[in-house]
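For reference, the structure is listed below as structure tokens.
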């Protein structure tokens with residue numbers, strides 16, 4: 003890993019035409035069950051390219067004035083890429099985005115989620131040391147990739163908001179094989195416009211799953227994650243028909259030589275429709291359904307935050323006001339059809355001057371009975387802040 007890091011740094015040093023971008027976000031958060039806090043978060047990104055290659059380095063940071071566990075400075079991206087006619091090669095610490103649905107992405111399994119930052123923010127992800135070779139066939143892409151290293155995952159501890167576990171958590175990951183055991187994937191992305199406009203991707207995955215089991219550690223005094231290996235098939239697709247978009251995400255997971263865990267499948271279906279110039283605003287409606295299932299009864303269940311989406315309906319709307327301040331409002335609800343778990347979320351933002359954005363969010367989470375996140379009877383979070391980009 004150290005040799006790879008030095009090679010990437012050496013490659014970045016030879017790049018030209020650098021571009022610097024940064025965002026700083028100052029935010030105050032109030033939790034119904036644990037009081038309030040003020041935090042600062044953001045990122046610093048440096049990218050560059052020359053006639054031979056291109057590259058990028060990104061640092062992310064979080065500082066909470068109340069919770070020491072929510073303080074970090076991390077290297078989140080550090081990679082170089084090379085285009086060669088129909089081929090593209092990337093290697094380093096990277097972020098990949100696989101998904102179609104608005105509420106939750108079943109197929110977004112490449113990077114760990116940054117639960118320490120916000121367990122309800124699907125875009126908060128951590129870079130993975132990896133490499134990819136892509137072959138382009140017009141608009142279609144055949145891709146083969148590998149993750150070189152499986153990182154430990156942090157949840158904070160019981161003092162931090164939304165702590166999901168009954169015991170003290172140890173972030174030192176237990177693995178079926180070693181940290182350096184590679185995870186491989188191959189995917190094919192295809193675009194069609196003969197009858198209807200569509201985009202689809204099929205992915206075959208062999209290696210560690212992002213879903214983890216939780217087991218006892220330190221003689222039963224702590225809880226640790228156990229990473230097991232799987233064969234996984236993923237499908238994500240969308241079709242544009244007239245003025246609607248229909249979306250699909252699905253996966254089937256075959257667990258390799260780990261008896262406590264059943265094979266399992268996930269399915270997400272969605273539809274999106276936009277209405278333009280309604281009293282000067284554009285309105286988009288979303289409706290999505292998620293289903294989670296196990297093949298074998300009597301094995302481990304309900305051990306991962308993704309299993310919130312086991313029989314759930316997601317409804318949301320997005321309103322863009324088309325004003326000079328780029329004002330926008332999002333309102334959504336996730337409802338468990340079987341056990342009446344509910345998540346309500348409302349977001350609003352508007353631009354102030356050229357580089358400042360005011361934003362606010364309200365979230366209420368009512369967990370289902372006997373779930374990991376039922377430590378608290380009710381979760382309500384209100385936050386507001388201002389971000390500056392330069």
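In our numbering, the protein residues as written are 3 to 392. Glycine is no exception: its CB is placed at the ideal position from the N, C-alpha and C atoms. Being a predicted model, the structure only gives us computed values, none of them experimental.
For residue i, the first and last residue of its enclosing beta strand (DSSP E)
| i | result |
| --- | --- |
| residue 256 | 246-257 |
| residue 333 | 330-338 |
| residue 41 | 37-51 |
| residue 198 | No beta strand (DSSP E) contains residue 198, which DSSP labels as neither H nor E. |
Short Cβ contact (8 Å threshold) for residue i with residue j
| i | j | result |
| --- | --- | --- |
| residue 387 | residue 154 | no |
| residue 173 | residue 152 | no |
| residue 116 | residue 127 | yes |
| residue 102 | residue 240 | yes |
| residue 188 | residue 235 | no |
| residue 224 | residue 169 | yes |
| residue 193 | residue 245 | no |
| residue 73 | residue 66 | yes |
| residue 56 | residue 129 | no |
| residue 105 | residue 343 | no |
| residue 135 | residue 89 | yes |
| residue 230 | residue 278 | no |
| residue 285 | residue 257 | no |
Inter-residue spacing [alpha-carbon to alpha-carbon] between residue i and residue j
| i | j | result |
| --- | --- | --- |
| residue 209 | residue 354 | 46 Å |
| residue 132 | residue 112 | 10 Å |
| residue 121 | residue 227 | 16 Å |
| residue 267 | residue 180 | 26 Å |
| residue 311 | residue 29 | 29 Å |
| residue 195 | residue 361 | 38 Å |
| residue 381 | residue 138 | 47 Å |
| residue 384 | residue 317 | 20 Å |
| residue 99 | residue 207 | 15 Å |
| residue 336 | residue 215 | 24 Å |
| residue 21 | residue 350 | 29 Å |
| residue 378 | residue 33 | Since pLDDT at residue 378 reaches only 48, below the 50 mark, its modelled position is unreliable, and no value is offered. |
| residue 197 | residue 280 | 30 Å |
| residue 368 | residue 341 | 11 Å |
| residue 95 | residue 45 | 15 Å |
| residue 248 | residue 238 | 11 Å |
Any non-hydrogen atom of the ligand MG closer than 7 Å to residue i Cβ
| i | result |
| --- | --- |
| residue 205 | By its list of ligands, the structure shown contains no ligand whatsoever, and the ligand MG lies outside what it can speak to. |
Which listed residue (the options) has its alpha carbon closest to that of residue i
| i | options | result |
| --- | --- | --- |
| residue 203 | 30, 175, 163 and 250 | 250 |
| residue 288 | 276, 281 and 299 | 276 |
| residue 292 | 108, 130, 33 and 341 | 108 |
| residue 158 | 71, 242 and 134 | 71 |
| residue 41 | 31, 35 and 161 | 31 |
| residue 211 | 281, 261 and 185 | 185 |
| residue 352 | 344, 390 and 335 | 390 |
| residue 23 | 37, 357, 366 and 365 | 357 |
| residue 407 | 91, 96, 161 and 178 | Limits of the chain in this structure are 3 at one end and 392 at the other, which puts residue 407 out of reach. |
| residue 25 | 176, 61 and 182 | 61 |
Proximity test, Cβ basis, 8 Å: residue i and chain B
| i | result |
| --- | --- |
| residue 45 | In the structure shown, chain B does not exist; there is a single protein chain. |
Checklist entry - What are the complete alpha helix (DSSP H) segments, minimum 4 residues, inside the stretch 98-171? => result Runs of alpha helix (DSSP H) with 4 or more residues, each lying fully within the stretch 98-171, are absent.
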